[in-house]
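Visitor: Structure incoming, see below.
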Amino acid sequence: DAGVIQSPRHEVTEMGQEVTLRCKPISGHNSLFWYRQTMMRGLELLIYFNNNVPIDDSGMPEDRFSAKMPNASFSTLKIQPSEPRDSAVYFCASRQGAAGTEAFFGQGTRLTVV
Amino acid sequence: GQSLEQPSEVTAVEGAIVQINCTYQTSGFYGLSWYQQHDGGAPTFLSYNALDGLEETGRFSSFLSRSDSYGYLLLQELQMKDSASYFCAVRGNTGGFKTIFGAGTRLFVKA
């Protein structure tokens with residue numbers, strides 16, 4: 236398996252634009268996480284899906300952020316409109332089941348909003 | 211809610227042993243994990259403890275005391291390549307077993 240695949244790897248966009256980050260989890264994993272990493276706030280959990288259903292989105296910072304998982308092999312994180320403070324590295328991770336011990340991370344998307 | 215505390219930085223010399231501590235608070239405990247992240251890379255899994263005691267995997271060991279809400283990562287025979295950030299992460303048994311990460315400990319290994 237190729238691991239968790241995220242795209243794009245880098246994204247530079249202007250303030251106010253819509254940004255869509257994509258994630259393909261490892262086949263057979265039914266738990267998916269979106270994290271945001273910054274120097275100031277570390278690794279923050281944004282949202283967690285289990286069997287394609289959002290279980291906990293309490294970490295989503297505000298209404299500008301939304302996430303979907305239309306099927307077991309694809310998830311998106313959308314920011315609309317984007318702001319400079321959204322600049323961060325966004326990681327997607329997947330895990331095999333709620334009882335799985337190990338989360339596998341994608342390589343991340345480095346987002347810069349200017 | 212869930213929260214974790216770990217030191218921000220640790221420095222050690224090559225060949226030495228270093229221990230990175232982690233204390234946590236969670237409304238329900240399921241397990242404590244450790245992850246390593248090199249600059250520019252993604253976090254990678256090192257170990258997981260659900261029960262009290264020591265888990266050993268090569269040069270790395272992880273310990274958990276549930277009664278003390280405390281764990282540590284022990285790195286032996288330090289190598290330069292071990293210079294990285296190390297995160298403890300706690301999984302509670304609420305909120306669908308979500309995993310929350312600590313702020314990370316930056317380990318500097320000197321020659």
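Respectively, the protein sequence lines represent chains A and B. Letter by letter, the first sequence follows residues 236 to 349 in my numbering. Letter by letter, the second sequence follows residues 211 to 321 in my numbering. For every residue, glycine included, the Cβ atom is placed at its ideal position computed from N, Cα and C.
Among Val348/A, Asp292/A and Glu337/A, which residue has its Cα nearest to the Cα of phenylalanine 284/A?
Guide: On the first sequence, residue 284/A is found 49 positions in, with the first residue counted as 1. The shortest C-alpha separation from phenylalanine 284/A is found at Asp292/A.
Visitor: Taking the continuous beta strand (DSSP E) assigned at arginine 257/A, which residues delimit it?
Guide: What you label residue 257/A is simply residue 22 of the first sequence in a count that begins at 1. 254-259 is the extent of the beta strand (DSSP E) around arginine 257/A.
Visitor: In three-state DSSP terms, what is arginine 271/A?
Guide: If you number the first sequence from 1, residue 271/A lands on position 36. Of the three classes helix, strand and coil, the one that applies to arginine 271/A here is strand, per DSSP.
Visitor: Rounded to whole angstroms, what's the CA-CA distance from arginine 299/A to threonine 309/B? Just pull it up for me.
Guide: Within the first sequence, numbered from 1, the residue matching residue 299/A stands at position 64. Within the second sequence, numbered from 1, the residue matching residue 309/B stands at position 99. So the alpha carbons of these two residues sit roughly 23 Å apart.
Visitor: So, asparagine 303/B versus glycine 281/B, is the Cβ gap smaller than 8 Å?
Guide: As a working note, residue 303/B is residue 93 in the second sequence. As a working note, residue 281/B is residue 71 in the second sequence. Against a cut-off of 8 Å, the Cβ pair of glycine 281/B and asparagine 303/B comes out as no contact.
Visitor: Assign lysine 308/B to one of three DSSP states: helix, strand, or coil.
Guide: For this step, residue 308/B is matched to residue 98 along the second sequence. Looking at lysine 308/B - three-state DSSP - the assignment turns out to be coil, as it is neither helix nor strand.
Visitor: From the beta carbon of leucine 267/A, is the nearest beta carbon of chain B less than 8 Å away?
Guide: Reading the first sequence from its first residue, position 32 is the one you call residue 267/A. It does not; no Cβ of chain B falls within 8 Å.
Visitor: Among Phe318/B, Glu265/B, Ser277/B and Ala321/B, whose alpha-carbon lies nearest the alpha-carbon of tyrosine 234/B?
Guide: The residue given as residue 234/B occupies position 24 in the second sequence. Minimum Cα distance to tyrosine 234/B is reached at Ser277/B.
Visitor: In chain order, what residues of the same chain have a beta carbon less than 8 Å from the beta carbon of valine 349/A, not counting five sequence neighbours either side?
Guide: On the first sequence, residue 349/A is found 114 positions in, with the first residue counted as 1. If we look at valine 349/A and ignore the five residues flanking it on each side, its Cβ neighbours are Val247, Thr248, Glu249, Met250 and Pro319.
Visitor: Please work out which residues of its chain come closer than 6 Å, Cβ to Cβ, to isoleucine 290/A, disregarding the five sequence neighbours upstream and downstream, and give them in chain order.
Guide: As a first step, residue 290/A must be located in the first sequence, where it is residue number 55. Cβ neighbours of isoleucine 290/A beyond the five flanking positions: Tyr283.
Visitor: Can you look up arginine 330/A in the DSSP assignment and give me helix, strand or coil?
Guide: The sequence position of residue 330/A within the first sequence is 95, counting from 1. Strand, per DSSP.
Visitor: Could you tell me whether any Cβ in chain B is nearer than 8 Å to the Cβ of glycine 277/A?
Guide: The count along the first sequence starts at 1 and reaches residue 277/A at position 42. Yes, glycine 277/A lies at the interface with chain B (some Cβ there is under 8 Å from its Cβ).
Visitor: I want to know whether the region 237-251 of chain B touches the region 290-303 of chain B - three or more CB-CB distances under 8 Å.
Guide: At 8 Å Cβ cutoff, the stretches touch.
Visitor: Suppose the cutoff is 8 Å on Cβ atoms and the five residues either side in sequence are ignored; what does the same chain contact list for serine 308/A look like?
Guide: The residue given as residue 308/A occupies position 73 in the first sequence. Excluding residues within five positions, the ones whose Cβ falls inside 8 Å are Lys259, Pro260 and Ser262.
Visitor: Any beta carbon from chain C within less than 8 Å of alanine 313/B's own beta carbon?
Guide: In the structure shown, chain C cannot be found, because the protein chains are A and B.
Visitor: What is the DSSP secondary structure of proline 289/A, counted as helix, strand or coil?
Guide: Taking the first sequence and counting its residues from 1, the one referred to as residue 289/A is at position 54. Three-state DSSP puts proline 289/A in a strand.
Visitor: Pull up the distance between the alpha-carbon of alanine 302/A and that of asparagine 287/A, whole angstroms please.
Guide: As a first step, residue 302/A is located in the first sequence; it is residue number 67 there, counting from the start. As a first step, residue 287/A is located in the first sequence; it is residue number 52 there, counting from the start. Between alanine 302/A and asparagine 287/A, the C-alpha separation is close to 11 Å.
Visitor: Mapping the DSSP letters down to three states, classify proline 316/A as helix, strand or coil.
Guide: Locating residue 316/A in the first sequence gives position 81, counting from the first residue. Correct three-state label for proline 316/A: coil.
Visitor: Measuring straight from C-alpha to C-alpha, what distance separates isoleucine 230/B and threonine 236/B?
Guide: As a position in the second sequence, residue 230/B is number 20, starting the count at 1. As a position in the second sequence, residue 236/B is number 26, starting the count at 1. Their backbone Cα atoms lie some 19 Å apart in a straight line.
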